[in-house]
Amino acid sequence: MNQEDAALVKRCLAREPGAVETLVDTYSNQVYAVCLRYLRHAQDAEDITQETLVRAIRNLHQWDPERPLKPWLYRIAVNRCKTLLARKPLNTVAPEVLQATTCTRTHDGDGDELLENIHLALLQVRDDYRSAFLLFHEQGCSYEEIAEIHEHPVGTIKTWLYRTRGVVFAYLKEKELLPADMDRPNA
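Numbering (the numbering used here), first residue to last: 859 to 1045.
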């Protein structure tokens, strides 16, 4: 349990001045990063971030102070992202995704190209697989936190990550961004 989060939530519930602003300031960038990686569209990510924080603040009384606050917020964000994607027609999602992930070389080029190709590969997997991958590799969430966010067992999350890594690995090999003789890692 994070004592700082528990104290902050307690202050919010007591309607202390500035408490809600502190919560929003503390978590808005992290929630936005999850939403942006999940949705690949800045305006949608901003909207879902705002909606996530409003929902969280309205439901702080339901948060279990024995559990970390961040995974609880991420679960709300991921669920809101899933809802938005389910409501959007596929023909409006694809152009945004393609535009947001177009490969361009900047700076040294190699790292950017590899990262952009990883994100292109992630477009080939289910939304929940992609979310688990991004939460693990970009947000640094543990298997347990991702399991809590997605409301699935840890073993399922590990399977999703394994399968997603396989898709990414195969995609990168196909694009010749990995050595041809490189075998897929077992992890």
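C-beta atoms are modelled at their ideal positions from N, C-alpha and C, and glycine is treated no differently.
- The three-state reading of DSSP puts L1036 in coil, since its state is none of H, G, I, E or B.
- Under the DSSP assignment, A903 falls in the alpha helix (DSSP H) whose first and last residues are 900-916.
- Rounded to the nearest angstrom, the gap between the Cα atoms of V892 and L881 is 17 angstroms.
- If you ignore the 5 residues before and after L1019, its C-beta comes within less than 7 angstroms of the C-beta of A990, F991, F994, all in its own chain and listed in chain order.
- Secondary structure of G998 (DSSP, three-state): coil.
- Straight through space, the alpha carbons of Q888 and D905 are spaced by roughly 14 angstroms.
- In the structure shown, P929 adopts helical secondary structure according to DSSP, grouped into three states.
- A straight-line Cα-Cα distance of about 35 angstroms links H919 and T1022.
- Going by beta carbons, P926 and D883 fall outside the 8 angstroms limit.
- A straight-line Cα-Cα distance of about 10 angstroms links I1007 and Y1001.
- One thing to note: Y885 has its Cβ no nearer than 8 angstroms to the Cβ of L942.
- Annotation for L871: the continuous alpha helix (DSSP H) segment containing it runs 861-871.
- Put simply, of K940, E874, G1024, N917 the residue whose alpha carbon is nearest the alpha carbon of L894 is K940.
- Residue range 877-897 is occupied by the alpha helix (DSSP H) that includes Q888.
- For H1010, the secondary structure class from DSSP, reduced to helix, strand or coil, is coil.
- When DSSP states are grouped into helix, strand and coil, L980 belongs to the helix group.
- By the C-beta density criterion, E996 is exposed, having fewer than 16 other C-beta atoms within 10 angstroms.
- Take T907, set aside five residues on each side of it, and the residues of its chain with a beta-carbon closer than 8 angstroms to its own are S886, V889, Y890, C893, A935, in chain order.
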